[in-house]
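K.L.:
Quick one: structure below, then a few questions.
Numbering (the numbering used here), first residue to last: 14 to 409.
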């Protein structure tokens with residue numbers, strides 16, 4: 014498969030392995046703690062280091078990508094990620110905890126580079142009428158990679174040393190890259206304006222109300238997403254007397270429904286609303302709010318699962334679409350910066366959401382506060398949609 018759809022397939026496979034690398038070694042954490050002789054807090058840093066480093070360097074990476082060939086950046090970053098995976102294996106085998114953290118930090122830098130650059134390349138490879146659909150499909154690769162990593166990690170660890178999981182998933186990205194490179198070898202991708210951005214161009218992005226409006230949407234939707242991902246297993250176990258294993262399995266339905274809703278959100282925007290983004294985002298937050306109320310009043314496990322599916326569908330309907338939406342407020346030669354800003358805000362919200370809910374639960378002594386907090390986030394999202402403009406593409 015060649016052309017834009019081949020690029021999309023290769024990018025999706027890359028992010029299947031990147032997602033698995035990022036979540037490793039959460040499914041074998043007890044083995045890791047035993048191997049290093051560390052406790053939960055130190056072990057958690059191994060998992061979160063890629064996201065932390067990606068958040069810290071996301072903006073300068075985005076600005077840099079606006080000045081270079083993004084396909085070359087993808088090539089270099091993929092090989093660096095493979096190297097980081099092998100480095101992590103060697104460090105883990107040697108019991109070198111801080112060297113393992115260093116390898117994960119490098120992996121996180123490649124993560125934000127690959128996310129921003131790949132989104133940018135795909136956005137320019139597809140026509141405007143298909144752009145949001147393509148990015149919606151692409152955005153499902155990362156959460157699918159999380160599930161893949163959780164499932165395959167223990168399997169790898171039973172056949173190889175546990176630290177080999179870093180190398181298997183890191184090197185695995187080269188498979189997706191091979192598809193990506195083959196599909197795009199004869200494809201000319203128009204970056205639009207094509208001029209190298211100057212300081213004034215970056216300032217225009219950082220002062221654009223539309224960009225910060227999309228950032229606010231990203232903040233609220235990612236916080237909603239992680240509130241449910243982080244706390245629903247515990248809530249279900251406490252409220253319905255389920256084991257953590259069963260409640261975790263049931264909660265997995267929530268991100269899984271994104272395989273349908275993320276690309277569907279882009280397709281609806283492209284085809285039904287003729288590339289208008291606000292209606293889909295509005296439906297996403299309104300539907301999320303209704304689903305939150307349904308979750309609160311669910312008296313049985315069956316009703317709770319049904320409401321959880323609805324919540325997962327509507328919350329994720331706009332994820333993926335936002336990365337197209339933000340590009341339509343700015344000139345094409347600074348798209349990388351805009352994508353990076355929205356990504357960094359979303360990742361930051363992913364960290365803050367579960368922490369904020371944990372603090373509220375501790376202070377109130379009630380898990381019901383989860384739903385009140387989630388409803389506030391949904392209402393805040395609706396308020397942003399009301400005031401934000403529908404983007405007019407600049408230079409497209």
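For every residue, glycine included, the Cβ atom is placed at its ideal position computed from N, Cα and C.
1) Hey, residue 36 and residue 163 are a contact pair by Cβ (cut 8 Å); roughly how many whole angstroms apart?
2) Since residue 153 contacts residue 127 with CB under 8 Å, what's their CB separation in whole angstroms?
3) For residue 282, collect the residues of the same chain with a Cβ closer than 7 Å to its Cβ; drop the 5 residues on either side in sequence, then sort them by chain order.
4) Using a 10 Å radius around the Cβ and a threshold of 16 neighbouring Cβ atoms, would you call residue 79 buried or exposed?
5) Would the beta-carbon of residue 228 fall within 8 Å of that of residue 355?
6) I need the boundaries of the alpha helix (DSSP H) containing residue 403, first residue and last residue.
7) Report the rounded CA-to-CA distance for residue 363 versus residue 236, giving the unit in angstroms.
8) Cβ atoms of residue 299 and residue 397: under 8 Å apart, would you say?
9) Assuming residue 31 contacts residue 186 (C-beta within less than 8 Å), just tell me the rounded distance between them.
10) What runs of the alpha helix (DSSP H), each 4 residues or longer, lie entirely inside the stretch 82 to 155?
11) Would you grab the beta carbon distance between residue 156 and residue 271 for me? Rounded to a whole angstrom, and I think it's under 8 Å.
12) Under the rule that 16 or more other beta-carbon atoms within 10 Å means buried, what is residue 400, buried or exposed?
13) Just list the beta strand (DSSP E) runs in the stretch 263 to 333, keeping only unbroken ones of 3 residues or longer that don't cross its boundaries, in chain order.
14) The alpha helix (DSSP H) that contains residue 346, what's its start and end?
15) My parser needs the alpha helix (DSSP H) runs of 4 or more residues fully inside the stretch 348 to 382; what are they?
16) Rounded to a whole number of angstroms, what is the C-alpha to C-alpha distance between residue 206 and residue 75?
17) So, with DSSP's three-state summary, where would you put residue 38?
18) Which stretch, first to last residue, makes up the alpha helix (DSSP H) that contains residue 237?
19) Taking the alpha-carbon positions, what's the residue 64 to residue 310 distance?
20) DSSP three-state label for residue 32, please.
21) Are the stretch 313 to 325 and the stretch 337 to 345 touching by the rule of at least three beta carbon pairs closer than 8 Å?
22) Are residue 224 and residue 352 closer than 8 Å when you measure CB to CB?
23) Run through DSSP, which three-state label would residue 388 get?
24) Among 176, 119, 378, 328, whose alpha-carbon lies nearest the alpha-carbon of residue 242?
25) Between which two residues does the alpha helix (DSSP H) holding residue 186 run?
26) Return helix, strand or coil for residue 211, following the three-state DSSP convention.
27) Go ahead and pull the three-state DSSP assignment for residue 199.
28) On a Cα-Cα basis, can you pick out the residue from 104, 101, 129 that is closest to residue 357?
29) Measuring only the C-alpha atoms, how far is residue 234 from residue 387?
30) Taking 8 Å as the threshold, find out whether the stretch 369 to 384 comes into contact with the stretch 91 to 108 through three or more Cβ pairs.
31) At a cut of 8 Å, does the stretch 105 to 119 reach the stretch 160 to 176 through at least three beta carbon pairs?
32) Have a look at 246, 158, 193 and flag the residue whose alpha-carbon is nearest the alpha-carbon of residue 264.
33) Determine the burial state of residue 43: buried for a count of at least 16 other Cβ atoms within 10 Å of its Cβ, exposed for fewer.
34) Select from 215, 230, 28 the residue whose C-alpha is nearest the C-alpha of residue 125.
P.N.:
In short:
1) Rounded, the Cβ-Cβ distance is 6 Å, consistent with contact.
2) Residue 153 to residue 127, Cβ: 16 Å. No contact.
3) Correct list, in chain order: 145, 288, 289, 290, 293, 334.
4) Around the beta carbon of residue 79, a 10 Å sphere encloses 16 or more other beta carbons of the protein chains shown; the residue is thus reported as buried.
5) In this structure, residue 355 lies closer than 8 Å to residue 228 by Cβ.
6) Here residue 403 belongs to no alpha helix (DSSP H), and DSSP marks it neither H nor E.
7) Between residue 363 and residue 236, the C-alpha separation is close to 5 Å.
8) Here residue 397 is not near residue 299, since their CB atoms are 8 Å or more apart.
9) Between residue 31 and residue 186, the beta carbon gap of about 6 Å places them in contact (Cβ cut-off 8 Å).
10) Runs of the alpha helix (DSSP H) lying entirely within the stretch 82 to 155 and spanning at least 4 residues, in chain order: 83 to 107, 110 to 138, 141 to 151.
11) So it is a contact: roughly 6 Å between Cβ atoms.
12) Answer is exposed; the Cβ neighbour count stays below 16.
13) Whole beta strand (DSSP E) segments, 3+ residues: zero.
14) Careful: residue 346 lies outside any alpha helix (DSSP H) and carries neither H nor E.
15) Counting only runs of at least 4 residues, the stretch 348 to 382 fully encloses the following alpha helix (DSSP H) elements, listed from N- to C-terminal order: 348 to 377.
16) Confidence at residue 206 is low in this model, with a pLDDT of 48, below 50, so its placement is unreliable and the value that follows should be read with caution. Here the C-alpha atom of residue 206 lies approximately 17 Å from the C-alpha atom of residue 75.
17) Coil.
18) Run containing residue 237: 222 to 253, per the alpha helix (DSSP H) assignment.
19) Approximately 34 Å between the Cα atoms of the pair.
20) Helix, per DSSP.
21) Segments in contact, no.
22) No.
23) Residue state, collapsed to three classes: helix.
24) Selected option, being the one with the closest Cα: 328.
25) Unbroken alpha helix (DSSP H) run through residue 186: 177 to 196.
26) It is coil, neither helix nor strand.
27) In the three-state reduction of the DSSP assignment, residue 199 falls in the coil class, being assigned neither a helical nor a strand state.
28) Distances from the alpha-carbon of residue 357 to those of 104, 101, 129 put 129 closest.
29) One C-alpha to the other measures close to 10 Å.
30) Short answer: they don't touch.
31) Flag = yes, the stretch 105 to 119 and the stretch 160 to 176 touch.
32) Check the Cα spacing between residue 264 and each of 246, 158, 193: the tightest is with 246.
33) So residue 43 counts as exposed.
34) Selected option, being the one with the closest Cα: 28.
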